[in-house]
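Structure record follows, encoded as structure tokens.
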Amino acid sequence: MRIGAIILAAGEGKRLNGRIKALIQIGSVTFLDKAISLLDSPEICERIVVLGYKADEVKRALTFSNVSIAINDFWKNGMTSSLKVGTSNLSKNLDGFMVMPVDLPLLKKETLIKTLETFQKDSSKIVRPRYRKIPGHPVIFPIEFVEKIIELDDNLEPNTILKRSIDRVKYFDTDQSCVKDLDTEVELDLIL
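Set out below in structure tokens:
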């Protein structure tokens with residue numbers, strides 16, 4: 277099975293007082309490097325990092341060479357625009373693709389593996405972890421969803437595609453790391 281992975285790291289992080297989310301560190305590792313290292317799996321054959329806000333600064337700090345960089349010049353339009361840039365850069369010979377925001381530094385490798393295993397059992401489903409019925413990340417889509425995402429209007433929420441395809445979503449229960457995105461200084465202070 278061939279899976280592509282998209283890390284969404286283009287946003288400004290307005291609630292972080294100008295800090296670049298991708299470059300925030302836990303110990304000596306940035307959020308972005310942590311996300312890329314989590315995606316080190318034989319099933320994941322390509323990794324695309326979507327950058328926007330201060331993209332040059334993030335590229336300079338990147339320590340991995342086994343990723344492709346896609347620039348979202350319209351990152352101010354929101355996450356859907358970044359998702360569209362990422363999906364439009366995927367190879368055509370994939371079975372599916374994983375979407376992961378950069379701000380999940382507590383995500384466990386076990387959750388990522390379980391997401392991949394669940395997709396491998398039924399690659400016609402969108403696979404999404406959840407914690408206490410709260411949907412989380414990463415999400416794996418069958419490759420046919422590339423076109424559906426590219427056709428989305430930028431002003432729509434990224435979850436629009438999931439809402440439109442609710443009958444295709446396969447959830448599995450896991451720990452809270454799949455829903456622990458860090459968007460504010462207060463949330464960061466709790467883990468740093």
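First residue of the sequence shown: 277, per our numbering; consecutive thereafter. We treat Cβ as the ideally placed atom computed from N, Cα and C, and that holds for glycine. All values reported here derive from a predicted model rather than from experimental measurement.
Determine the direct distance from the alpha carbon of residue j to that of residue i, and round the result to whole angstroms.
i: Ile300; j: Ala337; result: 11 Å
i: Tyr407; j: Arg440; result: 22 Å
i: Arg444; j: Arg404; result: 11 Å
i: Ser364; j: Ile437; result: 16 Å
i: His413; j: Gly372; result: 15 Å
i: Phe448; j: Val415; result: 11 Å
i: Pro377; j: Ala285; result: 7 Å
Give the DSSP-derived three-state secondary structure of residue i in the structure shown.
i: Thr363; result: helix
i: Met277; result: coil
i: Val455; result: coil
i: Phe340; result: coil
i: Arg406; result: strand
i: Leu299; result: helix
i: Asp449; result: strand
Buried or exposed, going by whether 16 or more other CB atoms sit within 10 Å of the CB of residue i?
i: Thr339; result: exposed
i: Glu319; result: buried
i: Lys401; result: buried
i: Leu383; result: buried
i: Met355; result: buried
i: Asp332; result: exposed
i: Arg295; result: exposed
i: Glu423; result: exposed
i: Gly303; result: exposed
Which two residues bound the contiguous alpha helix (DSSP H) that contains residue i?
i: Ser313; result: 307-314
i: Phe395; result: 385-397
i: Ile437; result: 436-440
i: Phe421; result: 421-426
Could you check where the beta strand (DSSP E) with residue i kicks off and where it finishes?
i: Gly372; result: 372-377
Quick check: the stretch 308-319 against the stretch 385-396, are at least 3 beta-carbon pairs closer than 8 Å? yes
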